[in-house]
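Peer 1: I'd like to ask some things about the structure below.
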Amino acid sequence: MSGIVYWLDMAGVIVFALSGVVLACRSRMDPFGMLVLAAVTGIGGGTLRDLVLGVRPVFWVADPTYLWVIFSTVCAALVGFHYIHRLSRGFLPIADAFGLALFTVIGAHKALLLGTSGVVAVLMGMMTGVAGGMIRDVLAQRVPMVLREEVYATAAMAGGTAYVVLDALQAPLPLTIAASLTVTLGLRIAAIHWHLALPVFAWVTLPPKTADDSAAPLSTPQKAKQRVRMIRRERNRR
0 MSGIVYWLDM AGVIVFALSG VVLACRSRMD PFGMLVLAAV TGIGGGTLRD LVLGVRPVFW
60 VADPTYLWVI FSTVCAALVG FHYIHRLSRG FLPIADAFGL ALFTVIGAHK ALLLGTSGVV
120 AVLMGMMTGV AGGMIRDVLA QRVPMVLREE VYATAAMAGG TAYVVLDALQ APLPLTIAAS
180 LTVTLGLRIA AIHWHLALPV FAWVTLPPKT ADDSAAPLST PQKAKQRVRM IRRERNRR
(Lines of atoms letter the chains of each structure in order from A; the text may use other names.)
(Lines give C-alpha, C1' and ligand atoms only; values in the text may rest on other atoms or scores of the structure.)
Protein backbone atom coordinates (compact mmCIF):
# COMPACT_ATOMS: atom_id res chain seq x y z
CA MET A 0 0.00 0.00 0.00
CA SER A 1 2.96 2.32 0.51
CA GLY A 2 3.54 2.07 -3.24
CA ILE A 3 -0.02 3.25 -3.95
CA VAL A 4 0.42 6.24 -1.64
CA TYR A 5 3.74 7.07 -3.30
CA TRP A 6 2.26 7.05 -6.80
CA LEU A 7 -0.71 9.11 -5.61
CA ASP A 8 1.80 11.64 -4.31
CA MET A 9 3.57 11.68 -7.68
CA ALA A 10 0.24 12.12 -9.47
CA GLY A 11 -0.56 15.09 -7.22
CA VAL A 12 2.81 16.67 -8.00
CA ILE A 13 2.23 16.29 -11.74
CA VAL A 14 -1.29 17.73 -11.61
CA PHE A 15 -0.33 20.67 -9.41
CA ALA A 16 2.82 21.34 -11.46
CA LEU A 17 0.69 21.40 -14.60
CA SER A 18 -1.69 23.89 -13.01
CA GLY A 19 1.32 26.08 -12.22
CA VAL A 20 2.48 25.84 -15.85
CA VAL A 21 -0.98 26.82 -17.14
CA LEU A 22 -1.10 29.87 -14.88
CA ALA A 23 2.44 30.83 -15.87
CA CYS A 24 1.45 30.71 -19.55
CA ARG A 25 -1.56 32.93 -18.91
CA SER A 26 0.64 35.33 -16.94
CA ARG A 27 3.08 35.52 -19.90
CA MET A 28 6.06 34.11 -17.97
CA ASP A 29 9.26 32.74 -19.50
CA PRO A 30 10.34 29.06 -19.12
CA PHE A 31 12.11 29.80 -15.84
CA GLY A 32 8.95 31.38 -14.48
CA MET A 33 7.01 28.30 -15.57
CA LEU A 34 9.49 26.08 -13.72
CA VAL A 35 9.28 28.18 -10.55
CA LEU A 36 5.47 28.18 -10.51
CA ALA A 37 5.35 24.45 -11.25
CA ALA A 38 7.83 23.71 -8.45
CA VAL A 39 6.21 25.83 -5.72
CA THR A 40 2.80 24.43 -6.63
CA GLY A 41 3.96 20.82 -6.78
CA ILE A 42 6.10 20.66 -3.63
CA GLY A 43 5.33 23.85 -1.69
CA GLY A 44 2.55 22.41 0.46
CA GLY A 45 4.43 19.21 1.25
CA THR A 46 7.54 21.20 2.14
CA LEU A 47 5.68 23.31 4.69
CA ARG A 48 4.01 20.17 6.07
CA ASP A 49 7.35 18.43 6.63
CA LEU A 50 8.86 21.54 8.23
CA VAL A 51 5.93 21.87 10.64
CA LEU A 52 6.03 18.16 11.51
CA GLY A 53 9.80 18.25 11.97
CA VAL A 54 10.54 15.76 9.19
CA ARG A 55 14.20 15.84 8.19
CA PRO A 56 15.16 15.82 5.42
CA VAL A 57 12.18 17.23 3.53
CA PHE A 58 10.59 14.63 1.24
CA TRP A 59 11.95 15.98 -2.05
CA VAL A 60 15.47 16.23 -0.60
CA ALA A 61 15.31 12.58 0.43
CA ASP A 62 13.84 11.60 -2.96
CA PRO A 63 14.90 13.97 -5.80
CA THR A 64 12.57 12.07 -8.14
CA TYR A 65 9.94 14.70 -7.29
CA LEU A 66 12.18 17.40 -8.78
CA TRP A 67 12.72 15.40 -11.95
CA VAL A 68 8.99 14.83 -12.29
CA ILE A 69 8.37 18.59 -12.07
CA PHE A 70 11.15 19.30 -14.58
CA SER A 71 9.76 16.68 -16.98
CA THR A 72 6.25 18.15 -16.65
CA VAL A 73 7.52 21.61 -17.57
CA CYS A 74 9.52 20.25 -20.52
CA ALA A 75 6.48 18.38 -21.82
CA ALA A 76 4.42 21.56 -21.41
CA LEU A 77 6.97 23.55 -23.43
CA VAL A 78 6.77 21.02 -26.25
CA GLY A 79 2.97 21.12 -26.21
CA PHE A 80 2.69 24.83 -25.43
CA HIS A 81 0.14 25.55 -28.15
CA TYR A 82 -2.18 22.85 -26.83
CA ILE A 83 -1.90 24.18 -23.27
CA HIS A 84 -2.53 27.72 -24.47
CA ARG A 85 -5.83 26.58 -26.00
CA LEU A 86 -7.10 24.95 -22.83
CA SER A 87 -10.35 26.41 -21.56
CA ARG A 88 -10.49 28.67 -18.55
CA GLY A 89 -12.15 25.86 -16.65
CA PHE A 90 -9.12 23.56 -16.89
CA LEU A 91 -7.06 25.27 -14.19
CA PRO A 92 -9.74 24.99 -11.45
CA ILE A 93 -10.43 21.34 -12.38
CA ALA A 94 -6.74 20.39 -12.38
CA ASP A 95 -6.31 22.27 -9.12
CA ALA A 96 -9.25 20.34 -7.62
CA PHE A 97 -7.62 16.99 -8.45
CA GLY A 98 -4.31 18.13 -6.96
CA LEU A 99 -6.12 19.38 -3.86
CA ALA A 100 -7.80 16.01 -3.34
CA LEU A 101 -4.62 13.99 -3.86
CA PHE A 102 -2.47 16.15 -1.59
CA THR A 103 -5.11 16.25 1.15
CA VAL A 104 -4.95 12.46 1.35
CA ILE A 105 -1.15 12.43 1.32
CA GLY A 106 -0.88 15.09 4.04
CA ALA A 107 -3.35 13.40 6.39
CA HIS A 108 -1.78 9.98 5.74
CA LYS A 109 1.75 11.15 6.51
CA ALA A 110 0.69 13.03 9.64
CA LEU A 111 -1.05 9.95 11.05
CA LEU A 112 1.99 7.79 10.28
CA LEU A 113 4.06 10.18 12.41
CA GLY A 114 1.68 9.69 15.32
CA THR A 115 -0.08 13.06 15.35
CA SER A 116 -3.62 13.55 16.61
CA GLY A 117 -6.60 13.53 14.25
CA VAL A 118 -7.01 17.31 14.38
CA VAL A 119 -3.38 17.85 13.43
CA ALA A 120 -3.69 15.30 10.62
CA VAL A 121 -6.68 17.19 9.17
CA LEU A 122 -4.76 20.47 9.31
CA MET A 123 -1.69 18.89 7.71
CA GLY A 124 -3.87 17.50 4.93
CA MET A 125 -5.33 20.95 4.33
CA MET A 126 -1.89 22.60 4.43
CA THR A 127 -0.48 20.09 1.95
CA GLY A 128 -3.39 20.74 -0.39
CA VAL A 129 -3.68 24.52 -0.27
CA ALA A 130 -0.23 25.97 0.57
CA GLY A 131 1.38 25.30 -2.82
CA GLY A 132 -1.54 26.87 -4.68
CA MET A 133 -1.42 29.90 -2.39
CA ILE A 134 2.27 30.49 -3.16
CA ARG A 135 1.60 29.99 -6.88
CA ASP A 136 -1.23 32.54 -6.93
CA VAL A 137 0.77 35.10 -4.94
CA LEU A 138 3.73 34.84 -7.35
CA ALA A 139 1.29 35.27 -10.26
CA GLN A 140 -0.24 38.33 -8.53
CA ARG A 141 -3.63 36.72 -8.00
CA VAL A 142 -5.77 36.50 -4.91
CA PRO A 143 -5.25 32.90 -3.68
CA MET A 144 -8.30 30.65 -4.08
CA VAL A 145 -8.22 29.78 -0.39
CA LEU A 146 -8.71 33.46 0.54
CA ARG A 147 -11.79 33.94 -1.65
CA GLU A 148 -15.29 32.92 -0.68
CA GLU A 149 -14.99 29.76 -2.78
CA VAL A 150 -15.29 26.32 -1.17
CA TYR A 151 -11.62 25.35 -1.28
CA ALA A 152 -9.91 24.88 2.07
CA THR A 153 -13.29 23.69 3.40
CA ALA A 154 -13.26 20.85 0.87
CA ALA A 155 -9.74 19.86 1.96
CA MET A 156 -10.77 19.87 5.63
CA ALA A 157 -13.81 17.71 4.85
CA GLY A 158 -11.69 15.22 2.91
CA GLY A 159 -9.04 15.13 5.64
CA THR A 160 -11.72 14.56 8.27
CA ALA A 161 -13.13 11.65 6.25
CA TYR A 162 -9.65 10.11 6.07
CA VAL A 163 -9.00 10.49 9.81
CA VAL A 164 -12.40 9.10 10.81
CA LEU A 165 -12.13 6.04 8.57
CA ASP A 166 -8.56 5.44 9.72
CA ALA A 167 -9.75 5.55 13.35
CA LEU A 168 -12.42 3.00 12.46
CA GLN A 169 -9.64 0.81 10.98
CA ALA A 170 -11.22 0.77 7.54
CA PRO A 171 -9.12 -0.73 4.71
CA LEU A 172 -6.60 1.76 3.36
CA PRO A 173 -7.94 1.67 -0.24
CA LEU A 174 -11.43 2.50 1.04
CA THR A 175 -10.09 5.28 3.25
CA ILE A 176 -8.15 6.84 0.38
CA ALA A 177 -11.07 6.52 -2.06
CA ALA A 178 -13.55 8.07 0.38
CA SER A 179 -11.26 11.01 1.19
CA LEU A 180 -10.58 11.65 -2.50
CA THR A 181 -14.30 11.48 -3.30
CA VAL A 182 -15.29 13.91 -0.53
CA THR A 183 -12.63 16.51 -1.36
CA LEU A 184 -12.99 16.28 -5.13
CA GLY A 185 -16.77 16.10 -5.01
CA LEU A 186 -17.12 19.22 -2.87
CA ARG A 187 -14.63 21.18 -4.95
CA ILE A 188 -16.12 20.19 -8.31
CA ALA A 189 -19.62 20.94 -7.02
CA ALA A 190 -18.45 24.37 -5.86
CA ILE A 191 -16.97 25.08 -9.31
CA HIS A 192 -20.01 23.84 -11.21
CA TRP A 193 -22.74 25.45 -9.10
CA HIS A 194 -20.69 28.47 -7.93
CA LEU A 195 -21.06 27.48 -4.30
CA ALA A 196 -19.46 29.92 -1.90
CA LEU A 197 -19.11 30.59 1.79
CA PRO A 198 -20.88 33.67 3.19
CA VAL A 199 -18.88 36.90 3.15
CA PHE A 200 -19.00 39.14 6.20
CA ALA A 201 -18.28 42.80 5.44
CA TRP A 202 -19.41 46.25 6.40
CA VAL A 203 -22.48 47.19 4.38
CA THR A 204 -23.08 50.78 3.36
CA LEU A 205 -26.76 51.36 2.61
CA PRO A 206 -27.47 53.54 -0.44
CA PRO A 207 -29.34 56.79 0.21
CA LYS A 208 -33.11 56.59 -0.05
CA THR A 209 -34.49 58.30 -3.13
CA ALA A 210 -37.79 58.41 -4.94
CA ASP A 211 -36.41 55.94 -7.46
CA ASP A 212 -34.46 53.20 -5.71
CA SER A 213 -33.07 51.97 -9.02
CA ALA A 214 -31.32 55.30 -9.51
CA ALA A 215 -29.63 55.17 -6.11
CA PRO A 216 -25.85 54.66 -6.16
CA LEU A 217 -24.66 51.18 -5.31
CA SER A 218 -22.64 50.52 -2.17
CA THR A 219 -19.17 48.98 -2.42
CA PRO A 220 -20.37 45.43 -1.53
CA GLN A 221 -23.18 45.79 -4.07
CA LYS A 222 -20.72 46.83 -6.76
CA ALA A 223 -18.57 43.81 -5.92
CA LYS A 224 -21.54 41.45 -6.19
CA GLN A 225 -22.56 43.05 -9.49
CA ARG A 226 -19.04 42.54 -10.84
CA VAL A 227 -19.07 38.87 -9.73
CA ARG A 228 -22.39 38.35 -11.54
CA MET A 229 -20.96 39.87 -14.74
CA ILE A 230 -17.86 37.64 -14.57
CA ARG A 231 -20.00 34.53 -14.07
CA ARG A 232 -22.22 35.47 -17.01
CA GLU A 233 -19.12 35.81 -19.22
CA ARG A 234 -17.84 32.40 -18.07
CA ASN A 235 -21.22 30.79 -18.81
CA ARG A 236 -21.22 32.25 -22.32
CA ARG A 237 -17.83 30.68 -22.96
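Residue 56 in numbering that gives the first Met the number 0 is what sits at position 57 of the sequence shown, and the numbering runs on without skipping anything.
Beta carbons: idealized from backbone N, C-alpha and C, even for Gly.
Determine the burial state of Ile134: buried for a count of at least 16 other Cβ atoms within 10 Å of its Cβ, exposed for fewer.
Peer 2: One-based indexing of the sequence shown puts residue 134 at position 135. With 16 or more Cβ atoms within 10 Å of its Cβ, Ile134 is classed as buried.
Peer 1: With C-beta atoms as the reference, is Gly11 less than 7 Å away from Gly131?
Peer 2: Your numbering for residue 11 matches position 12 in the sequence shown. Your numbering for residue 131 matches position 132 in the sequence shown. For Gly11 and Gly131, no; Cβs fall outside 7 Å.
Peer 1: Is it the case that the stretch 173 to 180 contacts the stretch 75 to 95, given that we only count it when at least three CB pairs across the two stretches are under 8 Å?
Peer 2: Not touching, per the Cβ criterion.
Peer 1: Quick one: what's got a C-beta closer than 6 Å to Gly2's C-beta in the same chain, skipping five residues either side?
Peer 2: Taking the first residue of the sequence shown as 1, we reach residue 2 at position 3. There are no such residues.
Peer 1: Assuming Val199 contacts Val163 under a Cβ cut-off of 8 Å, what Cβ separation, rounded to an integer in Å, is found between them?
Peer 2: For this step, residue 199 is matched to residue 200 along the sequence shown. For this step, residue 163 is matched to residue 164 along the sequence shown. So it is not a contact: roughly 29 Å between Cβ atoms.
Peer 1: Can you look up Ala196 in the DSSP assignment and give me helix, strand or coil?
Peer 2: As a position in the sequence shown, residue 196 is number 197, starting the count at 1. Reduced to three states, the DSSP call for Ala196 is strand.
Peer 1: Drop a sphere of 10 angstroms on the beta-carbon of Ser116, count the other beta-carbons inside from all chains shown, and report buried for 16 or more, exposed for fewer.
Peer 2: The sequence position of residue 116 within the sequence shown is 117, counting from 1. Burial call: exposed.
Peer 1: For Ala110 versus Met123, is the C-beta distance shorter than 7 Å?
Peer 2: Taking the first residue of the sequence shown as 1, we reach residue 110 at position 111. Taking the first residue of the sequence shown as 1, we reach residue 123 at position 124. Yes, these two residues count as a Cβ contact at 7 Å.
Peer 1: Within the chosen definition, does the stretch 64 to 78 reach the stretch 9 to 26 through at least 3 CB pairs nearer than 8 Å?
Peer 2: Yes, since at least three Cβ pairs between the stretch 64 to 78 and the stretch 9 to 26 fall closer than 8 Å, the two stretches touch.
Peer 1: Which runs of the alpha helix (DSSP H) at least 4 residues long sit entirely within the stretch 116 to 142? Give them in chain order.
Peer 2: 117 to 138, all fully within the stretch 116 to 142.
Peer 1: Among Thr40, Ala190, Gly106, which one has its Cα closest to the Cα of Asp49?
Peer 2: Looking up residue 49 in the sequence shown gives position 50. The shortest C-alpha separation from Asp49 is found at Gly106.
Peer 1: Select from Phe90, His108, Thr127 the residue whose C-alpha is nearest the C-alpha of Ile191.
Peer 2: Locating residue 191 in the sequence shown gives position 192, counting from the first residue. When each option's Cα is compared against that of Ile191, the closest is Phe90.
Peer 1: Applying the 10 Å Cβ sphere with the 16-neighbour rule, what's the burial state of Met144?
Peer 2: Working through the sequence shown from its first residue, we reach residue 144 at position 145. Buried, by the Cβ-count rule.
Peer 1: Does DSSP put Val14 in a helix, in a strand, or in coil?
Peer 2: In the sequence shown, counting from the first residue as 1, residue 14 sits at position 15. The answer is helix: DSSP assigns Val14 an H, G or I state.
Peer 1: Can you name, in chain order, every residue of its own chain whose Cβ lies under 6 Å from the Cβ of Ala154, other than the five neighbours on each side?
Peer 2: Working through the sequence shown from its first residue, we reach residue 154 at position 155. Closer than 6 Å at the Cβ level, and outside the excluded window around Ala154, lie Thr183, Leu186, Arg187.
Peer 1: Smallest Cα separation from Val14: which of Ala76, Ser26, Met28, Phe58?
Peer 2: Within the sequence shown, numbered from 1, the residue matching residue 14 stands at position 15. With distances taken between Cα atoms, Val14 lies closest to Ala76.
Peer 1: For Trp193, count the other beta carbons within 10 Å of its own beta carbon; 16 or more makes it buried, fewer makes it exposed. Which is it?
Peer 2: As a working note, residue 193 is residue 194 in the sequence shown. Exposed: under 16 other Cβ atoms inside 10 Å.
Peer 1: How many Å lie between Trp59 and Gln169 at the Cα?
Peer 2: Residue numbering aside, residue 59 sits at position 60 when the sequence shown is read from its first letter. Residue numbering aside, residue 169 sits at position 170 when the sequence shown is read from its first letter. Each residue's alpha carbon lies about 29 Å from the other.
Peer 1: Scan the stretch 20 to 79 and note each continuous alpha helix (DSSP H) run of 4 residues or more that stays entirely inside, going in chain order.
Peer 2: Taking only runs of at least 4 residues, the alpha helix (DSSP H) segments lying wholly in the stretch 20 to 79 are 30 to 52, 58 to 61, 64 to 78.
Peer 1: Measure the Cβ-Cβ separation of Ala100 and Ser18 and say whether it is below 7 Å.
Peer 2: In the sequence shown, the residue the question calls residue 100 occupies position 101. In the sequence shown, the residue the question calls residue 18 occupies position 19. No, these two residues do not count as a Cβ contact at 7 Å.
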